[in-house]
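For the record, in the sequence shown the residue sitting at position 60 is 59 according to numbering that gives the first Met the number 0, with numbers rising by one throughout.
Working notes, structure below.
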Amino acid sequence: MTERNGTTKESAEVRPAPAGHRDDAAASLGDYRAAFHAGRLAMAVLNRDGLVLAANPAFGELVGADPEELVAATAADLTDLGADPRVWTAYREVLCGRSDRMRCTRRLKHPEGHSVWVEVTVEPLTPEPLSGEERMLLSVADISDRHDLLARLRHLQMHDPVTRLPNRALFFERLSAALEAASFEPAGTGRIGLCYLDLDGFKAVNDTLGHRVGDRLLSAVAQRLTRCAEGTADRGSGRGKHLVARLGGDEFALLVENSTGTEQVAELAQRVLDALQRPFDLAGQRLSVSASIGVVERTATGTTATGLMQAADTTLYWAKEDGKARWTLFDPERNAHRMTRQALSSTLRPAVDRGEFTLEYQPLIGLGDGRAQGVEALVRWRHPQFGTLPPNRFIALAEENGAIVELGRWVLERACHQARAWQLAHPSDQPLFVSVNVAVRQVWDSDLVADVAGILAETGLPPELLQLELTESAVMGSAGRPLQALQALSDMGVRIAIDDFGTGYSNLAYLSRLPVSVLKLDGSFVRGFRSQEHPNPADEMIVEALVALAHRLGLTVTAECVESAEQAERLRRIGCDTGQGWLYSRPVAPDRVAALFI
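The following block contains the structure:
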């Protein structure tokens, strides 16, 4: 049969190669074999099944066998390629022709007994020149020196130079590995524990004695922590490895893998506290330190390294908040309260703009005639998640993060608008004044005088119908700007009241210096007036003395928390001017205040 190019198919298949070509191929093969056998790199030629076709002397020396004895041996067994599933898969991909190369690092046992780190490479060779057989070249390079150098560099990179302990990077690496292993290891407990600590007052050591002494102290602390970990690692059930790490500064962590329960980790924390309470003798310096420790112990499943550390950090903060020199166990309920508090704090400012706040009003009743003289504005937060919240749930947070300035301005403006509306709606009646609480940060962080003047001008509310309440601790020792602001407000005609009087320093001297119009007695005094059958003479004598003093100074007195007619009558006899409490009314919405004018 003739092809289009004029040759026959049979002749194309059986035509022998020219003599010169065969000689060149044989010469090339001879050069290849010479290089193969003389090379210092361990090499072996494999077939597609991974069997050794030929090995050079360097390869035989590496595995401790004569090269000719290795023919037909399984290469994967000689180089430990089957121990790692990922390496084995990559190796098979090359043998099957689906990948051009694979490279991996293995640790082999040298015939002389020591271990050798090698880099194994497998890649295809060009087909056999004469037979066309497909082959693989396996080469093994000894990288022990390079591996040892990298290991030393990694050790330096992953360990703290002062204490020689694992550093933060290695700790998180080990923590992540421990969590993963605990979730799948059948023989383990499936739990993990953590003690997160820092030294109380370590900064003072650095500041007074210098960083060199501080570093020696850290090193000595590290040694004691290591001994504590070693002393508890094999106790009890024998489970659990304890890793001690320095996370930075004076912060340390002790990780308990496969912990047996809260008791084990708490015992470790107590051992650490006891060990650190013993004085340290450092180059002639005798130092005493303590530590605060956050303890977390939980199931590893569903726990992340970040979540565990957040819980430990929170618990460490609790230990310091509770008085230092102690360990504190993570409490989910307390943490939920903290998270709620944080959520409220972060959403306070936007809540003002979203209109989530509202005001309710509680009347102030004249004890002599029983008529309403004014109302106190009380803010409520209609939170979309937590429902309606009273002031004690968020006012302290607002003062901490500064949102009280904006919130206080809104309360003041809204209360003045409402008081003016009542005045216009009931012109023939005695107008009710409105009393608004003012935080001390409003005096310091804003121009309270300008705010009040602007709001009064905008609403048209007469100044005498506005009363501002400040706590006793807020005005105690007022001087400078606060005193000037209070005086300016008083000169404007606004009344100034001291709220919760009697719970602070009760230094009566400042009453003669401050432009105060009203004292509001704290409810703790009034509670002693609950009944005629069980009177509290001391409370009555104190209240009587305070009322008499206030009247001598030209001040009026309001009693808070009046809950019974007996209390109201006794307060009236003593001379108290007004009362406020559930006897008269709970805080109500603005539309229900109109009934007070009837």
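C-beta: ideal position from N, C-alpha, C; glycine also.
Notebook entry, point to check: Is it the case that the Cβ atoms of G501 and C560 are separated by a distance below 8 angstroms?
Noted result: no
Item checked: Euclidean distance between Cα positions of Q579 and L267 -> 55 angstroms
Notebook entry, point to check: Apart from the five residues just before and just after E320, which ones in its own chain have a Cβ nearer than 6 angstroms to its Cβ?
Noted result: Take E320, set aside five residues on each side of it, and no residue of its chain has a beta-carbon closer than 6 angstroms to its own.
Check: Is there contact between the segment 429 to 438 and the segment 372 to 380, where contact requires at least three CB pairs shorter than 8 angstroms?
Finding: yes
Next item on the list: Determine the extent of the alpha helix (DSSP H) in which V51 is found, giving its start and end residues.
Entry: Where V51 is concerned, there is no enclosing alpha helix (DSSP H), although the beta strand (DSSP E) it sits in stretches over 51 to 54.
Next item on the list: Would you mind reading off the limits of the beta strand (DSSP E) that contains A544?
Entry: Unbroken run through A544 is the alpha helix (DSSP H), 536 to 551; no beta strand (DSSP E).
Next item on the list: Please classify G369: does DSSP put it in a helix, a strand, or coil?
Entry: coil
Item checked: Inter-residue Cα distance where the pair is L366 and V556 -> 11 angstroms
Next item on the list: Starting from the Cα of T120, find the closest Cα among P126, H154, S138, R105 and give me that residue.
Entry: If we check each option's Cα against that of T120, S138 comes out closest.
Next item on the list: Please work out which residues of its chain come closer than 6 angstroms, Cβ to Cβ, to R413, disregarding the five sequence neighbours upstream and downstream, and give them in chain order.
Entry: L358
Note to self: Tell me which residues share the same chain as N400 and place their Cβ nearer than 6 angstroms to its Cβ, disregarding the 5 neighbours each side in the sequence.
What the structure shows: The answer, listed in chain order, is S344.
Item checked: Presumed contact (8 angstroms Cβ cut-off) between R105 and T78, rounded CB distance -> Sure, about 6 angstroms apart at Cβ, within 8 angstroms.
Notebook entry, point to check: Heavy atom of the ligand ADP less than 7 angstroms from the Cβ of F251, yes or no?
Noted result: Looking for the ligand ADP in the displayed structure turns up nothing, as the structure carries no ligands at all.
Item checked: The alpha helix (DSSP H) enclosing L431, as first and last residue numbers -> First-last for L431: undefined, no H or E at that position.
Next item on the list: Could you have a look at G260 and say whether DSSP puts it in helix, strand or coil?
Entry: G260 carries a coil assignment under DSSP once its states are collapsed to helix, strand and coil.
Notebook entry, point to check: Taking Cβ to Cβ, would you say L447 is nearer than 8 angstroms to V439?
Noted result: no
Item checked: Residues that D141 bridges to, as DSSP identifies them -> V117
Notebook entry, point to check: What's the call for F385, buried or exposed, on a 16-neighbour Cβ count within 10 Å?
Noted result: Residue environment analysis places F385 among the exposed positions, since fewer than 16 neighbouring C-beta atoms fall within 10 angstroms of its C-beta.
Next item on the list: Drop a sphere of 10 angstroms on the beta-carbon of E296, count the other beta-carbons inside from all chains shown, and report buried for 16 or more, exposed for fewer.
Entry: buried
Check: Can you name the residues that DSSP bridges to Q598?
Finding: The first residue shown for the chain is 0 and the last is 597, placing residue 598 beyond what the model contains.
Margin query: If I measure Cβ to Cβ from E603 and keep anything under 6 angstroms in the same chain, skipping five residues before and after, which residues do I get?
Written below: For the chain, the structure presents residues 0 to 597; residue 603 sits outside this window and is missing.
Note to self: So, at 8 angstroms on beta carbons, what are the nonlocal neighbours of T302 in its own chain, with the 5 sequence-adjacent residues on each side left out?
What the structure shows: L178, I191
Check: Which residues mark the beginning and the end of the beta strand (DSSP E) in which D197 is found?
Finding: Membership of D197 in the beta strand (DSSP E) is indicated by the continuous run 190 to 199.
Item checked: Three-way DSSP call (helix, strand, coil) for T303 in this model -> coil
Next item on the list: Give the DSSP bridge partners of S291, in chain order.
Entry: Note: S291 sits in a beta bridge opposite D197.
Notebook entry, point to check: Is DSSP giving R512 helix, strand or coil here?
Noted result: coil
Check: When the Cβ atoms of the segment 573 to 587 are set against those of the segment 544 to 554, are three or more pairs found closer than 8 angstroms?
Finding: Output reads yes: the segment 544 to 554 touches the segment 573 to 587.
Check: Counting pairs of Cβ atoms below 8 angstroms between the segment 149 to 158 and the segment 200 to 212, do you hit three or more?
Finding: At 8 angstroms Cβ cutoff, the stretches do not touch.
Note to self: Less than 8 angstroms between the C-beta atoms of L315 and L254, yes or no?
What the structure shows: no
Checklist line | Which of helix, strand or coil DSSP assigns to C103 | finding: strand
Checklist line | Whole-angstrom C-beta distance between L275 and A290, which should lie under 8 angstroms | finding: 5 angstroms
Notebook entry, point to check: Does the Cβ of P589 have 16 or more other Cβ atoms within 10 Å, making it buried, or fewer, making it exposed?
Noted result: buried
Item checked: Candidates A310, A496, A420, of which the one nearest L520 by Cα -> A496
Next item on the list: Figure out for me which residue from G189, M42, R419, R379 has the closest Cα to the Cα of N257.
Entry: G189
Check: DSSP state of N46, grouped into three classes?
Finding: Collapsing the DSSP output to three states places N46 in coil.
Notebook entry, point to check: Hey, V62 and L198: beta-carbon distance below 8 angstroms or not?
Noted result: no
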